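Protein chains in written order, with the numbering used here: chain A, 2 to 253; chain B, 156 to 417.
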């Protein structure tokens, strides 16, 4: 198998006996955007957080670059996380730090805590941060405090922070759910462009089915902690959506 | 069943509350009589107070060298104790924060703070005077202990109120724990810490004028001696200087907070 990421038999129970994920098996290719859709509370966020172990899986394997992340020690996990970028629904920036400092958070896995505290980053990291700010269209905002930005700008900073890690995989947890429709399209487009340019796969949880159809190369439909659809966006039908979200009134 | 018209009351009497007020009044009267707090005693006290006030004025600043020496020592005790207290409180507060640390780390840290907060600084000062001898060192140690108890608790609560979203994001980058703290935790609480430390410095300034009474250095010793010699005009000079110092401290903390955008 040449999958970039393989999830095998992934189970997560927050409360013993009540699984949120009931045995997920998924392989992700080295390229392309995979959109995970499904109703709220079906475990999409849990799935994505089990991949980089922000949430500890109860059982199963997460194989990334040939190693099972679930079995790694804390130090090994940190070094694996350095290569997995993550983008969040509420951006999760450090509000009181500048945009530049937020971007450099993406390098914290590589810089010693003392040097990071003293802001003594390698010149290459800082040059890359400025470059990325230009790419995401925030070239003039390096010194602005993160809490002075709009939602769309914050998410661009979030994406740039993930890009600072030079990721081999990008996880995005509802990256557009707090944004207006136009900004949502821009953010998805930005992630698509960056993923194609740098050649890493993206796994994105998304509520907006239209947005998923437009940008994803593959859609994974989840309901009740299981995968019920896995295929290209053009083959997903109303029948599938009914199975994923339940009911049908909302489709009309 | 809706009651109508005349028997609906907008403000029904609360007999329990009225009873509680009555009990409180009865107890106050009892306690006052027990302590022989009679109008006659009060009048005698007022007369004595008037004589005392008359002897306070005019303040006597002739022994200003003694005054300045004591005030400078008090100020130094306050500042050194605040700095030491802040430095010790920060790691302790990080250990005590239950949202970052497991129970086995947070409980001992909390216990240390509770012990530090258990006694009034003057009592701690008496202990340190016995332990390390008379002088400023005892005062510094006593106020450091008090600062750790107070700052530690406030800082812990501030850390427990932070948003965990940036913490999650920084952890996801593979950052070591120390960097998670300096990038995701401290920026969220720093301005509040500046406020806490300036408040504690203010409290230490006041307390440092008092620990001298038990021999732990500073203006308090001079003040106590002046009282005992009935040099009330010198007492007045000392008290006025202390008030001026506290006011100057107030102005200074406002400026410090401005600088740190707190």
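Glycine residues also receive a C-beta, built at the ideal position from the N, C-alpha and C atoms.
Being a predicted model, the structure only gives us computed values, none of them experimental.
Below 7 angstroms on C-beta distance, what does residue i contact in chain A?
| i | result |
| --- | --- |
| residue 342 of chain B | 95, 97, 98 |
| residue 241 of chain B | Within 7 angstroms Cβ-Cβ: nothing; residue 241 of chain B doesn't reach chain A, min ~17 angstroms. |
For residue i, is the classification buried or exposed, using 16 other Cβ atoms within 10 angstroms of its Cβ as the cut-off for buried?
| i | result |
| --- | --- |
| residue 116 of chain A | exposed |
| residue 93 of chain A | buried |
| residue 405 of chain B | exposed |
| residue 284 of chain B | buried |
| residue 356 of chain B | buried |
| residue 70 of chain A | buried |
| residue 103 of chain A | buried |
| residue 142 of chain A | buried |
| residue 89 of chain A | buried |
| residue 176 of chain A | buried |
| residue 162 of chain B | exposed |
| residue 101 of chain A | buried |
| residue 338 of chain B | buried |
| residue 397 of chain B | buried |
| residue 213 of chain B | exposed |
| residue 222 of chain B | buried |
| residue 288 of chain B | exposed |
| residue 131 of chain A | exposed |
| residue 123 of chain A | exposed |
Going along the chain, which residues of its own chain have a beta-carbon closer than 8 angstroms to the beta-carbon of residue i, five neighbours each way excluded?
| i | result |
| --- | --- |
| residue 79 of chain A | 110 |
| residue 16 of chain A | none |
| residue 154 of chain A | 139, 142 |
| residue 157 of chain A | 137, 138, 139, 188, 191 |
| residue 215 of chain B | 386, 388, 389, 391, 392 |
| residue 402 of chain B | none |
| residue 40 of chain A | 224, 245, 246, 247 |
To which residues of the same chain is residue i closer than 6 angstroms at the C-beta, ignoring the five residues directly before and after it?
| i | result |
| --- | --- |
| residue 165 of chain B | none |
| residue 272 of chain B | 304 |
| residue 156 of chain B | For residue 156 of chain B, the pLDDT reaches just 49, beneath the cut-off of 50, and the residue's location in the model is therefore unreliable, although a value from the coordinates is still provided. Result list for residue 156 of chain B: empty, nothing under 6 angstroms. |
| residue 2 of chain A | Because residue 2 of chain A carries a pLDDT of 47, less than 50, the predicted location of this residue cannot be relied on, and the following value inherits that uncertainty. Here the set comprises nothing. |
| residue 113 of chain A | none |
| residue 218 of chain A | 33, 34 |
For a contact meaning CB atoms closer than 8 angstroms, what does residue i contact in chain A?
| i | result |
| --- | --- |
| residue 325 of chain B | 95, 106, 109 |
| residue 338 of chain B | 95, 98, 102, 106, 109, 117 |
In its own chain, which residues sit with a C-beta less than 7 angstroms from the C-beta of residue i, not counting the 5 before and 5 after it?
| i | result |
| --- | --- |
| residue 365 of chain B | 277, 375 |
| residue 358 of chain B | none |
| residue 381 of chain B | 389, 390, 393 |
| residue 32 of chain A | 200, 202 |
| residue 297 of chain B | 276, 279, 280, 283, 366, 371 |
| residue 395 of chain B | 214 |
Checking contacts by CB at 9 angstroms: is residue i closer than that to chain C?
| i | result |
| --- | --- |
| residue 58 of chain A | No chain C is part of this structure, whose protein chains are labelled A and B. |
Under 9 angstroms Cβ-Cβ, which residues of chain A neighbour residue i?
| i | result |
| --- | --- |
| residue 350 of chain B | Neighbours of residue 350 of chain B on chain A: none; closest Cβ ~14 angstroms, over 9 angstroms. |
| residue 334 of chain B | 106, 109, 110, 112, 113, 114, 117, 118 |
Have a look at the DSSP bridge pairing and note the partners of residue i.
| i | result |
| --- | --- |
| residue 65 of chain A | A:6, A:68 |
| residue 206 of chain A | A:37, A:174 |
| residue 146 of chain A | A:99 |
| residue 23 of chain A | A:12 |
| residue 219 of chain A | A:35 |
| residue 224 of chain A | A:227 |
| residue 29 of chain A | A:6 |
| residue 232 of chain A | A:220 |
| residue 86 of chain A | A:171 |
| residue 60 of chain A | A:12 |
I want to check one thing, is the minimum distance from the CB of residue i to the heavy atoms of the ligand FMN below 8 angstroms?
| i | result |
| --- | --- |
| residue 60 of chain A | Although the ligand FMN was asked about, the structure shown includes no ligands whatsoever. |
I want to verify the contact list: residues of chain B whose CB lies under 8 angstroms from the CB of residue i, in sequence order.
| i | result |
| --- | --- |
| residue 91 of chain A | 320 |
| residue 55 of chain A | 323, 326, 327 |
| residue 83 of chain A | 328, 329 |
| residue 166 of chain A | 328, 329 |
Cβ closer than 9 angstroms: which chain B residues qualify as neighbours of residue i?
| i | result |
| --- | --- |
| residue 1 of chain A | Residue coverage of chain A in this structure runs from 2 to 253, which leaves residue 1 of chain A outside it and unanswerable. |
Applying a beta-carbon distance threshold of less than 7 angstroms, which residues of chain B neighbour residue i?
| i | result |
| --- | --- |
| residue 149 of chain A | None at all; the shortest Cβ gap to chain B is about 13 angstroms. |
| residue 80 of chain A | 329 |
Practice item. Take every Cβ of the segment 275-286 of chain B, pair it with every Cβ of the segment 314-323 of chain B, and state whether three or more of those distances are shorter than 8 angstroms. Key: no
Point to revise | At least three beta-carbon pairs within less than 8 angstroms, the segment 228-236 of chain A to the segment 62-70 of chain A | key: no
**Study point:** Cβ contact check for the segment 37-53 of chain A and the segment 12-26 of chain A: 3 or more pairs under 8 angstroms
**Key:** yes
Check your understanding: Would you say the segment 303-311 of chain B touches the segment 263-273 of chain B, given that touching needs at least three Cβ pairs under 8 angstroms?
Key -> yes
Check your understanding: Can at least three beta-carbon pairs, one atom from the segment 45-59 of chain A and one from the segment 4-16 of chain A, be found at a separation below 8 angstroms?
Key -> yes
Check your understanding: Counting Cβ pairs, one atom from each stretch, are 3 or more of them under 8 angstroms apart for the segment 207-216 of chain A and the segment 132-151 of chain A?
Key -> no
Check your understanding: Using 8 angstroms as the threshold, is the segment 231-250 of chain B in touch with the segment 323-334 of chain B, meaning 3 or more CB pairs across them?
Key -> no
Check your understanding: Would you call the segment 251-260 of chain B and the segment 226-239 of chain B touching, i.e. three or more CB-CB distances under 8 angstroms?
Key -> no
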